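Chemist:
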Amino acid sequence: MIRLRIAMLFSVALATSLPLAAQAPYETTEIADGVYQFRWQNHNALFMVSDEGVVVFDPIEVEPAGRLAREIMRVAPGAPIAAIVYSHSDADHSTGASALLETMGQASAPIIAHENAVAPIRARANPDQPLPTVTLAERLTFRIGGREVQLHYLGPSHSDNMIVPFIPDVGVAFAVDFVANDRMGFQDLPGWYFPDFFDAVAGLLQIPFETIVFGHGPAGDRATIQRQIAYYDDLTSAVRDAVDRGWSEDQAAAQIRLAAYATWNQYEAWFPLNVRGVHRWLSR
Ligand SMILES: [Zn+2]
4 MIRLRIAMLF
14 SVALATSLPL
24 AAQAPYETTE
34 IADGVYQFRW
44 QNHNALFMVS
54 DEGVVVFDPI
64 EVEPAGRLAR
74 EIMRVAPGAP
84 IAAIVYSHSD
94 ADHSTGASAL
104 LETMGQASAP
114 IIAHENAVAP
124 IRARANPDQP
134 LPTVTLAERL
144 TFRIGGREVQ
154 LHYLGPSHSD
164 NMIVPFIPDV
174 GVAFAVDFVA
184 NDRMGFQDLP
194 GWYFPDFFDA
204 VAGLLQIPFE
214 TIVFGHGPAG
224 DRATIQRQIA
234 YYDDLTSAVR
244 DAVDRGWSED
254 QAAAQIRLAA
264 YATWNQYEAW
274 FPLNVRGVHR
284 WLSR
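Here is the structure:
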């Protein structure tokens, strides 16, 4: 088990000068040698430091991107941004590349995303979410300062353009929104592709990671993904039984419970919504 080191906590001075609701806590954690999780409120980014620069996975949004830049300058003084990778096109993870570069005093850097991310980002026309300059369809491998980075497309999951970065020398992967550590799927699973989603989750285990950082919540390991697979199997079986019995979506959401997952994050709020999302898929 890799020991997690809390590199920095939210500044006490700032914390006491703002009302509670306005607090913006962040935290940078060295997950593995030269690989850092940056948490901003409930969102996580990842960055990898090498001798030739830093690769950033998800700038999050404009304000966190500025803070992320300062954290990078703190842990890797003088290192340029070698590349920015968007996990997927959703604005709450992949906005802020320009703010990140501007804060670093850098004019540009390659921005890498899945090819299907281009259309939704172009349609949004948000100057704070610049288009990717490099795209991939299935797989892209590159090296920066002697460190290899692999980008894997596992098929449609949450969005049709989710890529999973993997850093082989430390065995760290980064998976955003479609899986998390002992946590329900997001609300009623908006933008989820069924049944392709199940293949994408199972496909994670084809990547030889040891540690997996998520877009939300604490990092996990291979067993974390096994539990995600078991959860979605159990959820789908339970909802399929309900559909076979003729239960409506409302009945299923009100009556199905899976006690084995009652301690998971967001169970009370999101489990009935997960049931709704799967019911709609199975009823199509
Ligand atoms: Zn998303």
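The sequence shown begins at 4 in the working numbering and counts up one residue at a time. Ideal placement from N, C-alpha and C gives every residue a C-beta, glycine not left out. From a predicted model like this one, the values you see are computed outputs, not experimental measurements.
1. To the nearest angstrom, how far is the alpha carbon of H96 from that of S90?
2. Do the CB positions of H161 and W195 come within less than 7 Å of each other?
3. Check each residue's C-beta against every heavy atom of ligand 1 and list, in chain order, those closer than 5 Å.
4. Quick check: P159 and T136, are their CB atoms within less than 7 Å of each other?
5. Can you tell me which residues form a DSSP beta bridge with E74?
6. How would you label Q132, buried or exposed, when you count the other beta carbons within 10 angstroms and need 16 or more for buried?
7. Should L134 and I124 be called a contact, given that it needs their Cβ atoms to be closer than 7 Å?
8. Residue ranges of each beta strand (DSSP E) run of no fewer than 3 residues wholly in the segment 59 to 129, ordered along the chain?
9. Starting from P135 and walking both ways along the beta strand (DSSP E), at which residues does that stretch end?
10. Below 8 Å, how does it come out for the segment 262 to 272 and the segment 175 to 194: are there three or more Cβ pairs, yes or no?
11. Is the distance from the Cβ of F169 to the Cβ of I210 below 7 Å?
12. Excluding the 5 residues preceding and the 5 following H282 in the sequence, name in chain order all residues of the same chain whose CB lies nearer than 6 Å to its CB.
13. Is the beta carbon of W43 less than 7 Å from the beta carbon of I75?
14. What do you get for A1, buried or exposed, if any count of 16 or more other CB atoms within 10 angstroms of its CB means buried?
15. One question on the structure: do S53 and G148 come within less than 7 Å of each other, judged by their Cβ atoms?
16. In whole angstroms, give me the CA-to-CA distance for L207 and G223.
17. Of the choices A102, T266, Q190 and A100, whose alpha-carbon is the least far from that of L276?
18. What's the gap between the Cα of A100 and the Cα of W284?
19. Tell me the start and end of each unbroken alpha helix (DSSP H) in the segment 172 to 214 that is at least 4 residues and wholly inside, in chain order.
20. Within its chain, find whatever has a CB closer than 6 Å to the CB of A24; leave out the 5 residues flanking it on each side and keep chain order.
21. Taking only three categories from DSSP, how would you classify E55?
22. Please go through the same chain and pick out, in chain order, the residues whose beta-carbon is closer than 7 Å to the beta-carbon of F1, but skip the five residues on each side of it.
23. Using three-state DSSP, classify S240 as helix, strand or coil.
24. In the structure shown, what three-state DSSP assignment does R6 receive?
25. Please report how far the alpha carbon of A122 lies from the alpha carbon of A48, in whole angstroms.
Modeler: Taking the structure as given:
1. 8 Å
2. yes
3. D93 and D180
4. no
5. Paired residues: none, contrary to the question.
6. buried
7. yes
8. 84 to 88 and 114 to 117
9. First-last for P135: undefined, no H or E at that position.
10. yes
11. yes
12. V242, E252 and A255
13. no
14. The shown model of the chain, from 4 to 287, leaves out residue 1, and the question about it has no answer.
15. yes
16. 13 Å
17. Q190
18. 35 Å
19. 199 to 207
20. Only weak support exists for where A24 lies, its pLDDT of 48 falling under 50; the value from the coordinates is given anyway. If we look at A24 and ignore the five residues flanking it on each side, it has no Cβ neighbours.
21. coil
22. For residue 1 there is no data in the structure shown, the boundaries of the chain being 4 and 287.
23. helix
24. Confidence at R6 is low in this model, with a pLDDT of 42, below 50, so the placement of that residue is unreliable and no value is reported for it.
25. 23 Å
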